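Presented below is the structure to which this report refers.
There are 2 protein chains.
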Amino acid sequence: MAVNLPLPQAENLNPVAGVELGWAEAGIRKANRKDVLVVRVAEGSTVAGVFTRNRFCAAPVQVCREHLAAGKGIRALVVNTGNANAGTGQLGLANARATCDALAAKLGITTDQVLPFSTGVILEQLPVDRLVAALPAAIANARPDNWLAAAESIMTTDTQPKAASRTVQIDGKTVTLSGISKGAGMIRPNMATMLGFIATDATVAQPVLQALVSHAADHSFNSITIDGDTSTNDSFVLIATGKSGAATIERTEGAAFEALRDAVTALAQELAQMIVRDGEGATKLMTIRVEGGKDVAECRQIAYAVAHSPLVKTAFYASDPNLGRILAAVGYAGVDDLDVDRVNLWLDDVWVARDGGRNPDYLEEDGQRVMKQAEITVRIALGRGQAEATVWTCDLSHDYVSINADYRS
Amino acid sequence: MAVNLPLPQAENLNPVAGVELGWAEAGIRKANRKDVLVVRVAEGSTVAGVFTRNRFCAAPVQVCREHLAAGKGIRALVVNTGNANAGTGQLGLANARATCDALAAKLGITTDQVLPFSTGVILEQLPVDRLVAALPAAIANARPDNWLAAAESIMTTDTQPKAASRTVQIDGKTVTLSGISKGAGMIRPNMATMLGFIATDATVAQPVLQALVSHAADHSFNSITIDGDTSTNDSFVLIATGKSGAATIERTEGAAFEALRDAVTALAQELAQMIVRDGEGATKLMTIRVEGGKDVAECRQIAYAVAHSPLVKTAFYASDPNLGRILAAVGYAGVDDLDVDRVNLWLDDVWVARDGGRNPDYLEEDGQRVMKQAEITVRIALGRGQAEATVWTCDLSHDYVSINADYRS
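Residue numbers (numbering that gives the first Met the number 0), protein chains in the order written: chain C, 0 to 408; chain Y, 0 to 408.
Written as structure tokens, this is what we have:
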């Protein structure tokens, strides 16, 4: 059911010097399924991440924050699917640490050089023995050209692996970026998404890398929603191995910084949009663009109100231009001094609402034509300022209900 | 599909002296269907209302506010279904006023003694000629014992009419209250719901009646949600005809005030819960009770996050005790200093999460047993104060998607 989401081809995914990826089948929740990923990172790399703001953040998220703060230089990531290790208390925390201990011992590094990630069912304990038992197999098959298999190994309700690459010229050197992501439900990231990883062979100082990952997250994973449910495990990590030979980027300005920032952001957007295209039960990709706001915050507030409205989402599923539902969502979004008489609404190129009411020139058949498309832009002009924001979402279909009513069975 | 919602019986709905209700078939949207209601109110009655906070409030809501503010004494209400007269600009406002003009002329009262209400599709102009043409028929069949037919005449996607009565002793007099409501989708009232009307023959001073309607709304219609979509047309009106002979209630304190307040609130809760029981596609009624909060606002914030989570709602639909989804919603509700280690969760009598993690004594089969019930209480204890709040909601089923993907066809 994914919306315009072709299967990634392994030959289009570029190795990033200094990064090796290996998977295993640990039987965390189901047998015969890639469910463990180990990412080895060369010595001297910098790594930065952003994580969920859900107060019930998962045990591995807490450990990631600690290990990044330790500043010993991250050398490995370990990811499991099938179990989120969230709502698991002190035992969950101990299990996340035990996973890092085991991987560190096998790789001859220290525990705080490992970042752990988990995704899957909440409120159940991680089967840490099965996970640890699978680590040798994942280490053994770690290779630089394993990006597609890595994307497959972090899937849960995803119908397709999500991976992409690009290159950018910096200081006359070709810098490579590759990334993977996963997620199809419980998607309304707040600071990051349910697992996104990007690696580059650029050389980037730690504080600059942190600025880069935040910028990219805000313009990609933090601008998508499927069901409004912010996960307990959202994590987005950026790895810079420095193997491209390009000069170290030391400051958050200048041509090299901007080139890398734009490339990382574009790749993150592509990976984030892949999540929406593969949203649970999705049949349509909607781009909700709000412009003419007083500030970005109110534009995002309105865009999310529209993107989360079950009535808007089901109307898109039905290809029904029942567009009053969009105005209703704009009206209840919580912008208390909104003058609705200045609000205009377009569906792609079709001007639907003009100065707060139905555009006299709007024809139902024009709305119908756009609503039948697989990708639709909803543009809302508020007429009260210069700020703007864009959010990507998908429709709400019968399959969304089926997938989430059956998820654990 | 309604959850434990027996069809109201006409003989159980008590006439309220001073109120007559008449319906008609105007063909607003569909033929051969009760879609207009006229309520005549005796001279000397007091009337108070609360209305939607949606910025795109409908034309009739604006006119209601004006006419109540005029203070001439409301003598009639006119309600149509099939068209919300929202997002309709100046023409919509003119149509709402024209409806009041026509009814006032026929009843020999003034325009500002009429309150208009509309519900149905947004962004389409009201067929005011058909509505006005049907008024004589509605006036002709107005009777005190028409409460059931009145409830039928305001239905949209409701599967059943919603009406209830009760009596209360005040000053040794029997005071009667009867009410009707409608709504099954676009339900997350903010100050009131998509049409609720209660009449009583108590005698109540205007400012006291306004306090009563606000109190009742906060504890009933403002504590329910089906899909989180706040309607453009929410209206809840309380009528006091003074025909019971009980003394006038002049102040918001004392035994008579408290007796009437409790009776109005209980009746409003019953009518509000009827809306949730008949929620679009509903198979379950969930009571979300949050206690131990610092203030009521944060309790409501968390209760609504749980009640709106599509993942929580689909898990209830599936009778799947996938209860980590509830903790995730508590965590992302936006209470930034929430200490999750103090959070406890019960499903009816089953203690699921203890001190932020899975209760070691929790058995999946106990959760499963409760989840199979048609009515379930989710109790969340925050452990940070004495405040509490309760919200009622329903599950998210395949039928919700079907109903809203097909609504206009």
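The beta-carbon is built from N, C-alpha and C at its ideal position, and this holds for glycine as well. Bear in mind that the values here come from a model prediction, so they are computed numbers and not experimental data.
Is the CB of Y/ALA191 under 9 Å away from at least one CB in chain C?
Because the pLDDT at Y/ALA191 is just 45, under 50, the model does not fix this residue reliably, and the value given afterwards should be weighed accordingly. So no, Y/ALA191 is outside the interface.
For C/THR87, which residues in chain Y fall below 8 Å Cβ to Cβ?
Near C/THR87 (Cβ distances below 8 Å), the residues of chain Y are GLY356, ARG357.
Below 6 Å CB to CB, which residues in the same chain sit around Y/ARG39 once its five sequence neighbours on both sides are set aside?
Closer than 6 Å at the Cβ level, and outside the excluded window around Y/ARG39, lie GLU19, ALA75, ALA141.
Could you tell me the distance, in whole angstroms, from the CA atom of Y/THR229 to the CA atom of C/THR173?
Between Y/THR229 and C/THR173, the C-alpha separation is close to 52 Å.
Just to confirm, are C/TRP22 and C/SER164 a CB contact at a threshold of 9 Å?
Not a contact, by the Cβ cut-off of 9 Å.
Quick check: the region 30-48 of chain C against the region 5-18 of chain C, are at least 3 beta-carbon pairs closer than 8 Å?
The way I'd put it, the region 5-18 of chain C does touch the region 30-48 of chain C; three or more beta-carbon pairs between them come closer than 8 Å.
Is any beta-carbon of chain Y found at less than 9 Å from that of C/GLU123?
Interface criterion met: the Cβ of C/GLU123 is under 9 Å from a Cβ in chain Y.
Nearest-angstrom Cα separation, counted from Y/ASP354 out to Y/LEU362
Taking the straight line joining both Cα atoms gives about 17 Å.
With a cut-off of 9 Å, does the C-beta of C/CYS63 fall near any C-beta of chain Y?
It does not: the Cβ of C/CYS63 has no partner Cβ on chain Y nearer than 9 Å.
With DSSP as the reference, label Y/GLN268 as helix, strand or coil.
Helix.
Compute every distance between the C-beta of Y/ALA267 and the non-hydrogen atoms of the ligand ADP, then say whether any falls below 8 Å.
Absence of the ligand ADP from the depicted structure is noted, as is the absence of any ligand whatsoever, leaving it without description.
Would DSSP call C/SER408 helix, strand or coil?
Because C/SER408 sits at a pLDDT of 43, beneath the cut-off of 50, its placement in the model cannot be relied upon, and the following sentence gives the value as read from the coordinates. Correct three-state label for C/SER408: coil.
Classify Y/SER234 as helix, strand or coil using the three-state DSSP reduction.
Y/SER234 falls in the strand class under three-state DSSP.
Residue span of the beta strand (DSSP E) that contains Y/PHE409, given as start and end:
Only positions 0 to 408 of chain Y appear in this structure, which leaves residue 409 of chain Y out of reach.
For the region 53-78 of chain C, which residues have a beta carbon sitting closer than 8 Å to at least one beta carbon of chain Y?
Interface annotation for the region 53-78 of chain C against chain Y: ASN53, ARG54, PHE55, CYS56, criterion Cβ-Cβ distance under 8 Å.
Beta-carbon proximity check, C/VAL167 vs C/VAL212, cutoff 9 Å:
Not a contact, by the Cβ cut-off of 9 Å.
Which stretch, first to last residue, makes up the beta strand (DSSP E) that contains Y/GLY81?
Where Y/GLY81 is concerned, the enclosing beta strand (DSSP E) starts and stops at 75-82.
Buried or exposed for Y/ARG276, please, with buried defined as at least 16 other CB atoms from any protein chain shown within 10 angstroms of its CB.
A residue is called buried when at least 16 other Cβ atoms come within 10 angstroms of its Cβ; Y/ARG276 meets this threshold and is buried.
By the 10 Å Cβ neighbour count, where 16 or more other Cβ atoms means buried, how is C/GLU123 classified, buried or exposed?
Buried is the call here.
Relative to the C-alpha of C/MET273, which residue among C/TRP350, C/VAL311, C/CYS393, C/VAL377 is closest?
Out of C/TRP350, C/VAL311, C/CYS393, C/VAL377, the CA that lies nearest to the CA of C/MET273 is found in C/CYS393.
Residues near C/ASP144 in its chain [Cβ-Cβ closer than 8 Å; skip 5 each side]:
Excluding five sequence positions before and after C/ASP144, the CB atoms of its chain that fall closer than 8 Å to its own CB belong to ALA9, LEU12, PRO14, given in chain order.
What three-state label does DSSP hand Y/MET190 in the structure shown?
Model confidence at Y/MET190 stands at a pLDDT of 42, short of 50, so the residue's coordinates are unreliable; what they give is reported in the following sentence. Coil at Y/MET190, not helix or strand.
Per-residue burial, Y/GLY171 [other beta carbons within 10 Å of its own, 16 or more giving buried]:
Exposed, because fewer than 16 other Cβ atoms sit within 10 Å of the Cβ of Y/GLY171.
Unbroken beta strand (DSSP E) runs of length 3 or more, entirely within the region 45-133 of chain C: which are they?
With a minimum length of 3 residues, the continuous beta strand (DSSP E) runs that stay inside the region 45-133 of chain C are 45-50, 75-82, 113-120.
Reduced DSSP category for C/SER222 - H, G, I as helix; E, B as strand; rest coil
Three-state DSSP puts C/SER222 in a helix.
C/VAL342 (DSSP reduced to helix, strand or coil)
Of the three classes helix, strand and coil, the one that applies to C/VAL342 here is coil, per DSSP.
Is the beta carbon of Y/ARG288 less than 9 Å from the beta carbon of Y/ARG378?
Yes, these two residues count as a Cβ contact at 9 Å.
Chain Y contact residues for C/ALA328, given Cβ-Cβ distances below 8 Å:
What C/ALA328 touches in chain Y, judged by beta-carbon distance under 8 Å, is ASP228, going in chain order.
C/ASP335: buried (16+ other C-beta within 10 angstroms of its C-beta) or exposed?
The residue in question, C/ASP335, is exposed, as its Cβ has fewer than 16 Cβ neighbours within 10 Å.
Would C/PHE220 pass as a contact of C/LEU176 if the rule is Cβ separation under 9 Å?
Taking 9 Å as the cut-off, the Cβ atoms of C/PHE220 and C/LEU176 do not count as close.
Buried versus exposed call for Y/ALA191 [16 or more other C-beta atoms within 10 Å across all chains shown]
Reliability of the predicted coordinates at Y/ALA191 is poor, the pLDDT of 45 falling under 50, and the value obtained from them is presented with this limitation in mind. Buried, because 16 or more other Cβ atoms sit within 10 Å of the Cβ of Y/ALA191.
Whole alpha helix (DSSP H) elements within the region 326-388 of chain Y, 4-residue minimum:
363-370, all fully within the region 326-388 of chain Y.
Compile a chain-ordered list of the residues in the region 280-304 of chain Y whose CB is closer than 7 Å to at least one CB of chain C.
So nothing in the stretch comes that close.
For the region 221-247 of chain C, enumerate the residues whose C-beta is nearer than 8 Å to any C-beta of chain Y, in chain order.
Against chain Y - using a Cβ distance shorter than 8 Å - the residues of the region 221-247 of chain C are ASP226, GLY227, ASP228, THR229, SER230, THR231.
Short Cβ contact (9 Å threshold) for C/THR118 with C/GLY178
Taking 9 Å as the cut-off, the beta carbon of C/THR118 is found no closer than this to the beta carbon of C/GLY178.
Chain Y residues whose Cβ lies nearer than 8 Å to that of C/ALA352:
Contact note: C/ALA352 reaches chain Y through GLY86, LEU122, using a C-beta cutoff of 8 Å and chain order.
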